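Undergrad: Numbering-wise (this note's numbering), the sequence shown opens with residue 1 and increments by one.
Just so you know, even glycine gets a beta-carbon here, dropped at the ideal spot from N, CA and C.
Computed from a predicted structure; not experimentally measured.
Pasting a structure below so you can have a look.
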Amino acid sequence: MTERSGGGLDQRGGSANMCAGMRAIIEDDIVQPFQIDSFELRGRLVRLGPLVDRILTRHDYPEPVAELLGEAIALAVALARALKYEGVFTLQTKGDGPVRLMVADVTTAGAVRGYAQVDEARLAQVMAAGAAAAQGAVPRLLGAGYLAMTVDQGEHTERYQGIVELQGASLVECVHHYFRQSEQVEAGLKVAVTRVPDDGGAPRWRAGCLMIERLPPEDRRQQEDAEEGWRRAMILMSSSTSRELVDPALSPEALLYRLFHEEGVRSYRKRKLEAQCRCSRGRVETMLRALDKDDVRDMTVDGKILVTCEFCSAVYAFAEDEVAALAAG
Ligand SMILES: [Zn+2]
Numbered sequence: 001m002t003e004r005s006g007g008g009l010d011q012r013g014g015s016a017n018m019c020a021g022m023r024a025i026i027e028d029d030i031v032q033p034f035q036i037d038s039f040e041l042r043g044r045l046v047r048l049g050p051l052v053d054r055i056l057t058r059h060d061y062p063e064p065v066a067e068l069l070g071e072a073i074a075l076a077v078a079l080a081r082a083l084k085y086e087g088v089f090t091l092q093t094k095g096d097g098p099v100r101l102m103v104a105d106v107t108t109a110g111a112v113r114g115y116a117q118v119d120e121a122r123l124a125q126v127m128a129a130g131a132a133a134a135q136g137a138v139p140r141l142l143g144a145g146y147l148a149m150t151v152d153q154g155e156h157t158e159r160y161q162g163i164v165e166l167q168g169a170s171l172v173e174c175v176h177h178y179f180r181q182s183e184q185v186e187a188g189l190k191v192a193v194t195r196v197p198d199d200g201g202a203p204r205w206r207a208g209c210l211m212i213e214r215l216p217p218e219d220r221r222q223q224e225d226a227e228e229g230w231r232r233a234m235i236l237m238s239s240s241t242s243r244e245l246v247d248p249a250l251s252p253e254a255l256l257y258r259l260f261h262e263e264g265v266r267s268y269r270k271r272k273l274e275a276q277c278r279c280s281r282g283r284v285e286t287m288l289r290a291l292d293k294d295d296v297r298d299m300t301v302d303g304k305i306l307v308t309c310e311f312c313s314a315v316y317a318f319a320e321d322e323v324a325a326l327a328a329g
């Protein structure tokens, strides 16, 4: 996105420490920010366990949809660096495929949520058409449409939105396409989502994302071999395997050390993430207040209005006269 150096999500952590491949307690649901000075880049490694399992299991999405939403969630966390102040980063897709809408958002405090709107009948058709399996998840499930990334930091700051056409086989390819078009950030990402059996043998969703981002030109030392360094960094990043990105037995530190140890990777303090919705009765009231009478009438069943949060499935019930009072107030 358009941000420059300094002040990002990962800049508020404490002191940097050299990552020496030491044994660490393996933590899930975290972002591990890091920096590689010789490559003039910074990065973020995202590891999601119970968080992504909770979101994907709660909705009981068909497998390919769960996998795609898992990717969107991991990508949103990696890309949320664009938040400079308290706020929300949202990654959203809208398309004419069976998955009409997909939203994943993350707050500065580390609250993460996501959902997908699925046309089950169309999904069944697409999955039955075996030949289409050769296509990537984006053309098959999302179809033609766009991907939007939004930085919202409250009413006193400008809302920023970057939009790009859904172009590519995977969500990562669409994000790469966005970066190439924006020409403001050079970045590379790799993402993996899969189910891994837990200690009791039950399959649990896990997701991982590795992102590297080149420092903006004004922060580089103009080394002669800078381009070569960036290319090498991209190759090293791409050499990480999907298994490594989600492996519950491989700590973030150990993975970064394995990939970049020759370059002296510095890792910063991890940031903890949680699956948490931000819906509330107050927010639903604000939404109802904005509706006109006809909309309210359409929503009323047996004198009651039920509003279900698409992210967490919480149900908010209002009596008809309560809604009338909201409108009058
Ligand atoms: Zn909710």
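Relative to ligand 1, is the shortest distance from any of its heavy atoms to the C-beta of residue 318 smaller than 7 Å?
TA: Because no heavy atom of ligand 1 lies under 7 Å away, the Cβ of residue 318 does not count as near it: no.
Undergrad: Give a yes or no on whether the C-beta atoms belonging to residue 250 and residue 244 are separated by under 8 Å.
TA: yes
Undergrad: On the DSSP bridge list, what partners appear for residue 49?
TA: BP columns for residue 49 are empty, so no partner.
Undergrad: With respect to 7 Å, is the separation between the Cβ of residue 169 and the closest non-hydrogen atom of ligand 1 below this value?
TA: no
Undergrad: Rounded to whole angstroms, what is the Cα-Cα separation between residue 169 and residue 135?
TA: Between residue 169 and residue 135, the C-alpha separation is close to 7 Å.
Undergrad: Grab the span of the alpha helix (DSSP H) containing residue 258 for me, first residue to last.
TA: 252-260
Undergrad: Do residue 257 and residue 265 have their C-beta atoms within less than 8 Å of each other?
TA: yes
Undergrad: So residue 46 and residue 74 are in contact, right, with Cβ under 8 Å, and what is the actual spacing, rounded?
TA: 5 Å
Undergrad: So residue 266 is in the beta strand (DSSP E); what residue range does that whole segment cover?
TA: 265-267
Undergrad: Need the endpoints of the beta strand (DSSP E) that residue 195 sits in, please.
TA: 187-197
Undergrad: Does the Cβ of residue 270 have 16 or more other Cβ atoms within 10 Å, making it buried, or fewer, making it exposed?
TA: buried
Undergrad: Short of 6 Å in beta carbon distance, which residues of its chain neighbour residue 35, apart from the five on each side in sequence? Order them along the chain.
TA: 42, 266
Undergrad: May I ask you to report which of helix, strand or coil DSSP gives residue 115?
TA: Under the three-state reduction of DSSP output, residue 115 falls in the strand class.
Undergrad: Rounding to the nearest angstrom, what Cα-Cα distance links residue 196 and residue 290 in this structure?
TA: 44 Å
Undergrad: Using a Cβ-Cβ cut-off of 7 Å (strictly less than) and excluding sequence neighbours within five positions of residue 145, which residues of its own chain qualify?
TA: Cβ neighbours of residue 145 beyond the five flanking positions: 93, 94, 95, 96, 166.
Undergrad: Measure the alpha-carbon distance for residue 318 versus residue 129 and round it to whole angstroms.
TA: If you take the alpha carbons of residue 318 and residue 129, they lie about 43 Å apart.
Undergrad: Give the DSSP-derived three-state secondary structure of residue 21 in the structure shown.
TA: Residue placement at residue 21 is poorly supported in this model, since its pLDDT is 43, which falls under 50; the coordinates still yield a value, given next. In the displayed model, residue 21 falls within coil according to three-state DSSP, outside both helix and strand.
Undergrad: Measuring CB to CB, does residue 331 end up less than 8 Å from residue 112?
TA: The requested residue 331 does not occur in the structure, where the chain is confined to residues 1 to 329.
Undergrad: Using the three-state DSSP reduction, which class does residue 270 fall into: helix, strand or coil?
TA: coil
Undergrad: Just the C-alpha distance for residue 32 and residue 233, rounded to the nearest angstrom, thanks.
TA: 17 Å
Undergrad: Apart from the five residues just before and just after residue 288, which ones in its own chain have a Cβ nearer than 6 Å to its Cβ?
TA: 323, 326
Undergrad: Can you tell me which residues form a DSSP beta bridge with residue 33?
TA: 44
Undergrad: Is any non-hydrogen atom of ligand 1 found closer than 7 Å to the C-beta of residue 89, if you look at the structure I gave you?
TA: no
Undergrad: Would you mind reading off the limits of the alpha helix (DSSP H) that contains residue 294?
TA: Residue 294 -> alpha helix (DSSP H) spans 293-299.
Undergrad: Under a three-way DSSP split, which group does residue 89 fall into?
TA: strand
Undergrad: With respect to the beta strand (DSSP E) encompassing residue 206, which residues constitute its N-terminal and C-terminal limits?
TA: 203-214
Undergrad: Please state the DSSP three-state secondary structure of residue 125.
TA: helix
Undergrad: Using only the heavy atoms of ligand 1, determine whether one of them is closer than 7 Å to the beta carbon of residue 314.
TA: yes
Undergrad: Along the chain, where does the beta strand (DSSP E) that runs through residue 152 open and close?
TA: Start and end: 145-152.
Undergrad: What number of angstroms, rounded off, separates the C-alpha of residue 191 from the C-alpha of residue 29?
TA: 15 Å
Undergrad: Between residue 174 and ligand 1, is the CB less than 7 Å from at least one heavy atom?
TA: No, ligand 1 has no heavy atom inside 7 Å of this Cβ.
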